[in-house]
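A.B. asks: Just so you know, the protein sequences line up as chains A and B, in that order.
For the first sequence, my numbering begins at 1079 and goes up steadily by one.
For the second sequence, my numbering begins at 16 and goes up steadily by one.
From the three backbone atoms N, C-alpha and C, an ideal C-beta is built for every residue, glycine too.
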Amino acid sequence: GQNIDQPTEMTATEGAIVQINCTYQTSGFNGLFWYQQHAGEAPTFLSYNVLDGLEEKGRFSSFLSRSKGYSYLLLKELQMKDSASYLCAVTGYSTLTFGKGTMLLVSP
Amino acid sequence: GAVVSQHPSWVICKSGTSVKIECRSLDFQATTMFWYRQFPKQSLMLMATSNEGSKATYEQGVEKDKFLINHASLTLSTLTVTSAHPEDSSFYICSARIGLSMGNEQFFGPGTRLTVL
């Protein structure tokens, strides 16, 4: 089976940097996704990591360590619109399993 | 990017009725489509995986006779909630994947909010 842990909630201020961690245990690993989900909307793709290391895409970066079963999503220059739930999802042999999500609240 | 639509976006029905939700990939052919359910403040829970032209694969605990999935073409999958009850009220989201690799991104539909009275 698969088990994914991430913090329930985080708060940060506009312009700051925040790191959202995700740890996982999985039988079979084919990559890790990060998605952003605003309330009442479907998730939108942010990043995909399958090899160890850091992937940078604009204000968002994602890191993966397969040996540690660990990933993080780094958000820089936070904006109010970044307030959302951030979902860590791991692909196993056949399906994508989501964590419970981290609700990020960005304040002025 | 690839676009996935769902219809309806929300539906309210009486207990005991059946509700059909459509999921369409608008500008690509989806090898595989997935159906998820999300309760308030919970994560997305995979209900079933469907490949065009074959029977859906249901996750443990999901009743296949209650949640009927039809994947008649590479651009359309439907989920029918039969004899809906209030506990079926949830946010239903479909996604579509272009390739067979698990590394291929899933594109999500906007979701359907189902409320059963």
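For the pair the region 1168–1181 of chain A and the region 44–60 of chain B, tell me if three or more CB-CB distances fall below 8 Å.
C.D. replies: With the cut-off at 8 Å, the region 1168–1181 of chain A and the region 44–60 of chain B touch.
A.B. asks: Could you check the C-alpha separation between L1132(A) and G76(B) for me, to the nearest Å?
C.D. replies: The residue given as residue 1132(A) occupies position 54 in the first sequence. The residue given as residue 76(B) occupies position 61 in the second sequence. Roughly 37 Å between the two C-alpha positions.
A.B. asks: Among C1166(A), V1096(A), A1090(A), which one has its Cα closest to the Cα of V1184(A)?
C.D. replies: Within the first sequence, residue 1184(A) is the residue found at index 106, counting from 1. Measuring from the Cα of V1184(A), the nearest candidate turns out to be A1090(A).
A.B. asks: Does E1133(A) get closer than 8 Å to chain B when you measure Cβ to Cβ?
C.D. replies: Residue mapping note: residue 1133(A) aligns to position 55 of the first sequence, counting from 1. Not one chain B Cβ lies under 8 Å of E1133(A).
A.B. asks: Can you pull the chain B residues whose beta carbon is under 7 Å from the beta carbon of K1178(A), in chain order?
C.D. replies: Stepping through the first sequence from its first residue, residue 1178(A) is reached at position 100. Chain B residues near K1178(A): Q57, S58.
A.B. asks: Who are the neighbours of P1121(A) on chain B, taking C-beta pairs under 8 Å?
C.D. replies: Working through the first sequence from its first residue, we reach residue 1121(A) at position 43. Per Cβ cutoff of 8 Å: L59, I108, F123.
A.B. asks: So C1166(A) packs on S1149(A), CB below 8 Å; how close in whole Å?
C.D. replies: Residue 1166(A) sits at position 88 when you count from the first residue of the first sequence. Residue 1149(A) sits at position 71 when you count from the first residue of the first sequence. Indeed they touch by this definition, with Cβ atoms about 6 Å apart.
A.B. asks: Determine the direct distance from the alpha carbon of P1186(A) to that of T95(B), and round the result to whole angstroms.
C.D. replies: As a position in the second sequence, residue 95(B) is number 80, starting the count at 1. As a position in the first sequence, residue 1186(A) is number 108, starting the count at 1. Roughly 44 Å between the two C-alpha positions.
A.B. asks: Under 7 Å Cβ-Cβ, which residues of chain B neighbour T1173(A)?
C.D. replies: Mapped onto the first sequence, residue 1173(A) falls at position 95. The answer, in chain order, is L61, T64.
A.B. asks: Kindly list, in the order they appear in chain B, the residues whose Cβ is closer than 8 Å to that of Y1102(A).
C.D. replies: Your numbering for residue 1102(A) matches position 24 in the first sequence. Near Y1102(A) there are no residues of chain B at all, since even the closest Cβ is about 13 Å away, more than 8 Å.
A.B. asks: Alpha carbon to alpha carbon, what distance is there between M60(B) and T127(B)?
C.D. replies: Against the second sequence, residue 127(B) aligns to sequence position 112. Against the second sequence, residue 60(B) aligns to sequence position 45. Between T127(B) and M60(B), the C-alpha separation is close to 14 Å.
A.B. asks: Quick one: give me the first and last residue of the beta strand (DSSP E) that D42(B) is part of.
C.D. replies: Taking the first residue of the second sequence as 1, we reach residue 42(B) at position 27. Taken as a continuous stretch (DSSP letters only), D42(B) belongs to no beta strand (DSSP E), as it is neither H nor E.
A.B. asks: With a cut-off of 8 Å, does the C-beta of G126(B) fall near any C-beta of chain A?
C.D. replies: Start at 1 with the first residue of the second sequence, and residue 126(B) comes out as number 111. Closer than 8 Å to some Cβ of chain A, the Cβ of G126(B) qualifies, so yes.
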